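Working notes for the structure below.
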Amino acid sequence: MVTEDSDTENKYKRPDAAETSSERRAPVGRRRFLQAAGAGTAVALAGCSGGGGGDGGPVTLGAAYILSGFASLYGEEAERGIEFAVSEINDNGGIDGRDVEVLVRDTEASGDTAIQQIRSLVQEDNVDGLFGLDSSGVAQAVAPQISQLQMPFMITHAATPFVTSPQGEHEDSVGNEYVFRDSNSLAQDVYGAARTAQELDATEWATIGPDYAFGYETWDYFQAYCDGLGVEAEFTAEQFPALATSDYTPFISSILDADPDAVLTPLWGADLTTFIGQAESAGWFDQIDHTLFSVGMGTDLPSDGSPLPEGEYASTRYDPFVPDTEANNSFREAYYEEYGSLPTYNAEGAYRALHLYKEAIESAGSTEPDALVDEFTGMEHSGPVGEYQFTETNQATVSSIWGTVTYDEEWESNVLDPVNRYEAGPDVLSDALGDSDLPTGI
């Protein structure tokens, strides 16, 4: 069941092949995929070789994701989405008749490394546009550099509201005309967490989150939304372990000692799967009534560690079953046929970034950066995630998606069922933040 101010059935059953063959896109085929390991190297996904920017040559885009370390799962999923989109676009005439190629660089979850890689993509590889980023801290470091480079950058994952909050709105705001985001932000996602909290029999709340911007901002926004929405809540404990922590025992013990009714956690990557395994061993899910995993459905199929427990609450930036549209259903089916797994939000966000560039370049008739910025500004777009528009701060007006974690035998995957989609536009978020000085970023 999916709820979005009204109830609509959410069907997870896989259609028979005979039912889907006429509805799917043309077969994608096996993709050419070249990868070089290590920092500063590129992953090239292309229909042909050659540099970017020249008339008649390929359109060349640069992408920056975490390809190594604790959160490499996200980079791997983004690569799948890129590979899928490149093949799909090139098999159907390219962009204005030109093939598209993507050079993917490893940020190593480091702001300094990300800046180096992005400058190299622009100044040495002469890319026509940029997209990616997995970390809020990295995004906040990169955004001012994008303004200096004057090159459009479509963020597909990193969630901090401050990269789409215009400079001067808040002391941490770094938004500018060249930075866009096609996925939902932390402000949109955490609004859904507070809406979920409204429905729970829980008054004492705690958090355990990563020791950087994403962890602290999640907790700040959750408290502000609970206050603005009138949620009866007391905030009793908080723990912020460092990224790539291997032993969560003392942090888990501290939360359990506080004995809250519910916990909101934005842990992610290998940190999330490590935490879940150790929390289960400590009896966490027996003692804590409700655990809310903010964007937890990005790691519903971990390469190692423990999956999200059934019956708990999680959010995602993209649901492969919602909305129930031809665009989403055909994308899900073709992706599953190619990779044997459901598309995650990082795969879909990267996939959609390429289609956004295709639309902008074809509409502008140019790959000039300022022409693309003009096209992205206020653009309306429709993709697997649904229909949306970029606001005046360059943030997509996509929904906040929260639901109950359920394992689906047919898809052999965690899914959200029931699932709620909360509209999270500028007025909704502004009203819900009440007297808080936190920016909506939208």
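Residue numbers (the UniProt record's numbering): 1 to 442.
Here a beta-carbon is modelled for each residue, glycine too, at the ideal position from N, C-alpha and C.
Quick caveat: nothing in here was measured; it's all calculated off a predicted structure.
Candidates the options: closest to residue i by CA position
| i | options | result |
| --- | --- | --- |
| Ser363 | Ala350, Met379, Asp271, Ser135 | Met379 |
| residue 447 | Glu337, Asp220, Ala279, Glu238 | The structure shown does not extend to residue 447, since the chain is modelled only from 1 to 442, so the question has no answer here. |
| Gly403 | Gln116, Ala71, Leu200 | Leu200 |
| residue 459 | Arg105, Glu348, Gly94, Phe180 | For residue 459 there is no data in the structure shown, the boundaries of the chain being 1 and 442. |
| Glu177 | Asn184, Gln145, Asp91, Thr156 | Gln145 |
| Tyr221 | Pro250, Arg195, Ser246 | Arg195 |
| Gln148 | Asp172, Ser173, Glu387, Ile118 | Ile118 |
| Arg105 | Ile361, Ser68, Ser87 | Ser68 |
| Gly56 | Tyr336, Thr367, Ser253 | Thr367 |
| Tyr336 | Gln116, Glu412, Gln389 | Glu412 |
| Ala258 | Phe235, Lys358, Thr274 | Phe235 |
| Gly386 | Phe321, Glu77, Leu308, Ser246 | Phe321 |
| Val86 | Gly365, Asp408, Lys358, Ser120 | Lys358 |
| Glu88 | Glu338, Gly365, Ala371 | Glu338 |
| Gly97 | Glu77, Gly365, Ile252 | Gly365 |
Residue i CB to nearest heavy atom of the ligand MG below 6 Å
| i | result |
| --- | --- |
| Glu375 | With respect to small molecules bound, the structure shown includes none, and the ligand MG cannot be examined in it. |
Contact belief for residue i with residue j at Cβ below 8 Å, rounded distance in angstroms
| i | j | result |
| --- | --- | --- |
| Asp189 | Ala353 | Going by Cβ atoms, the distance from Asp189 to Ala353 rounds to 19 Å, so no, they are not a contact pair. |
| Gln140 | Thr160 | 6 Å |
| Pro426 | Met151 | 26 Å between Cβ atoms; not a contact. |
| Ile401 | Gly192 | 7 Å |
| His381 | Leu416 | Contact flag wrong, Cβ pair sits at about 23 Å. |
| Tyr65 | Asp172 | Actually they do not touch by this definition, with Cβ atoms about 23 Å apart. |
| Val419 | Asp319 | 6 Å |
| Ile95 | Ile276 | With 8 Å as the limit, Ile95 and Ile276 do not qualify as a contact, their Cβ atoms being about 41 Å apart. |
| Asn184 | Leu308 | Incorrect: roughly 19 Å between the Cβ atoms, too far for contact. |
Same chain, Cβ closer than 7 Å to residue i, neighbours up to 5 away in sequence not counted
| i | result |
| --- | --- |
| Phe70 | Leu243, Ala244, Gly269, Ala270, Asp271 |
| Ala233 | Ala197, Thr203, Trp205, Cys226 |
| Ala213 | Ser136, Gly137, Gln140, Thr160 |
| Ser430 | Thr440 |
| residue 479 | Any question about residue 479 goes unanswered here, given that the chain covers just 1 to 442. |
| Ile115 | Ala141, Val142, Gln145 |
| Tyr388 | His381, Ala396, Thr397, Val398 |
| Val373 | Pro152, Glu177, Tyr178 |
| Ser306 | Thr273, Ile276, Gly277, Glu280 |
| Gly209 | Gly215, Thr218, Trp219, Phe240, Thr265, Pro266, Leu267 |
| Ala371 | Ala364 |
| Ile252 | Gln278, Ala279, Ala282, Trp284 |
Own chain partners of residue i with C-beta closer than 8 Å, once the 5 adjacent residues on each side are dropped
| i | result |
| --- | --- |
| His290 | Leu200, Ala202, Asp261, Ala262, Val263, Glu312, Tyr313 |
| residue 450 | The structure shown does not extend to residue 450, since the chain is modelled only from 1 through 442, so no value can be given for it. |
| Leu256 | Ala282, Gly283, Trp284, Gln287, Ile288 |
| Asp211 | Phe240, Pro241, Ala242, Leu243 |
| Leu438 | Pro161, His170, Ala187, Asp220, Tyr221, Ala224 |
| Ser21 | Legend: pLDDT at Ser21 = 30, less than 50; position of this residue unreliable, value from coordinates given subsequently. Around Ser21: no qualifying Cβ. |
| Phe376 | Pro152, Met154, Phe180, Leu356, Ala360, Phe390, Asn394 |
Contact under 7 Å by Cβ, residue i with residue j
| i | j | result |
| --- | --- | --- |
| Gly434 | Gly228 | yes |
| Val138 | Thr107 | yes |
| Glu101 | Pro58 | yes |
| Ser136 | Ala158 | yes |
| Gly132 | Ala63 | yes |
| Ala224 | Ser436 | yes |
| Thr391 | Glu310 | no |
| Val122 | Phe153 | no |
| Ala350 | Thr156 | yes |
| Val127 | Leu61 | yes |
| Ala327 | Pro384 | yes |
| Ser294 | Pro266 | yes |
Beta-carbon proximity list for residue i, same chain, < 6 Å, skipping 5 on both sides
| i | result |
| --- | --- |
| Thr207 | Trp219, Glu238, Leu264 |
| Met297 | Ala314, Thr316 |
| Val428 | none |
| Arg25 | For Arg25, the predicted model reports a pLDDT of 31, less than 50, meaning its position is unreliable; a value from the coordinates is still stated below. Result list for Arg25: Ser330, Ala334, in chain order. |
| Leu292 | Ala193, Leu264, Tyr313 |
| Pro27 | Confidence at Pro27 is low in this model, with a pLDDT of 32, below 50, so its placement is unreliable and no value can be given for it. |
| Gly75 | Tyr65, Ile66, Leu67 |
| Ser246 | none |
| Arg31 | With a pLDDT of only 29 at Arg31, under the threshold of 50, the placement of this residue in the model should not be trusted, and no figure is reported. |
| Glu77 | Thr344, Asn346, Ala347 |
| Gly111 | Val138, Ala141 |
Interface flag, residue i vs chain B, CB-CB below 7 Å
| i | result |
| --- | --- |
| Leu256 | Absent from the structure: chain B. Only one protein chain is present. |
(message) Would the segment 79–98 count as touching the segment 340–355 if we require 3 or more Cβ pairs under 8 Å?
(response) The segment 79–98, when compared against the segment 340–355, does touch it at the 8 Å Cβ threshold.
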